[in-house]
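Residue numbers (the working numbering): 1248 to 1477.
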């Protein structure tokens, strides 16, 4: 028996999602092609924003702060945060949303890895040795964007008080900006790598939402998610 039905799903069918997806994919492809061909205007923008974020001289306090931020938003930690969210969702009978959360973060990691191999952008000079692999898109930013997106879509709507929902959303936005800044400040990525990660993450999140809206009722009929809310 299911607690919910298609009329009460967390993610309803929305024709606007397709329009948003087309726009997001177009911007993503445009940026990826620009990065792949290393266009001059992109180098100029990266230089300006890198200078603005890093400032004239690095400070030990900021290095420690951004180092902590980049650790908390590392790909392994992103999976950990989603597992925690999925654990509580499952416990409160939101079993299909819990599975969707795990599917979304896992699929996002795969897509990020594929895009990295297609674009093959090298990291900025003086990057740390632990930051290996290609640079576009930023895996840290992509992962945290999806963590924030999952919470935004299926956890925050369950909070009853509007003021708390607003505060949590604002915190997620601030944290995402901090993650983006941390990757630039620590020379792990160019600014356009972080923007590209947001575009890739947003595109995948829209696709994942569309899949949920289409297939959640069918998944809810399986025995292992009996008595689930959708």
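Where a beta carbon is used, it is the ideal one built from N, C-alpha and C, also for glycine.
A quick note: this is a predicted structure, and the numbers were derived from the prediction, not measured.
| query | result |
| --- | --- |
| Candidates 1340, 1443, 1434: closest to residue 1402 by CA position | 1340 |
| Per-residue DSSP class, three states only, for residue 1371 | coil |
| Runs of alpha helix (DSSP H) wholly within the stretch 1399-1469 (minimum 4 residues, chain order) | 1409-1432, 1438-1466 |
| Inter-stretch contact (C-beta, 8 angstroms, three-pair minimum) for the stretch 1424-1436 and the stretch 1379-1394 | yes |
| Where residue 1249 sits in the DSSP three-state scheme | Only weak support exists for where residue 1249 lies, its pLDDT of 46 falling under 50; the coordinates are left without a value. |
| Touching by the beta-carbon criterion (3+ pairs, under 8 angstroms), the stretch 1354-1370 and the stretch 1414-1428 | no |
| Proximity to residue 1270 [Cα-Cα], best of 1461, 1447, 1382 | 1447 |
| Rounded separation between residue 1337 and residue 1470 - CA only | 14 angstroms |
| Residue 1261 in three-state terms, based on DSSP | coil |
| Through-space distance from residue 1350 to residue 1260, alpha-carbon basis | 19 angstroms |
| Integer-rounded CB distance, given that residue 1355 should sit under 8 angstroms from residue 1393 | 4 angstroms |
| Contact test: residue 1429 Cβ vs the ligand ATP heavy atom, cutoff 7 angstroms | The ligand content of the structure shown is nil, which means the ligand ATP is not present either. |
| Distance, residue 1312 Cα to residue 1440 Cα | 21 angstroms |
| Test: residue 1360 CB closer than 8 angstroms to a CB of chain C | Reference to chain C is not applicable here, since this structure consists of a single protein chain. |
| Nearest candidate by alpha-carbon position, reference residue 1361, set 1381, 1372, 1348 | 1381 |
| Pairwise C-alpha distance: residue 1323 and residue 1477 | 27 angstroms |
| Local Cβ density within 10 Å of residue 1273, reported as buried at 16 or more and exposed below that | exposed |
| Contact check, residue 1404 vs residue 1257, beta carbons under 8 angstroms | yes |
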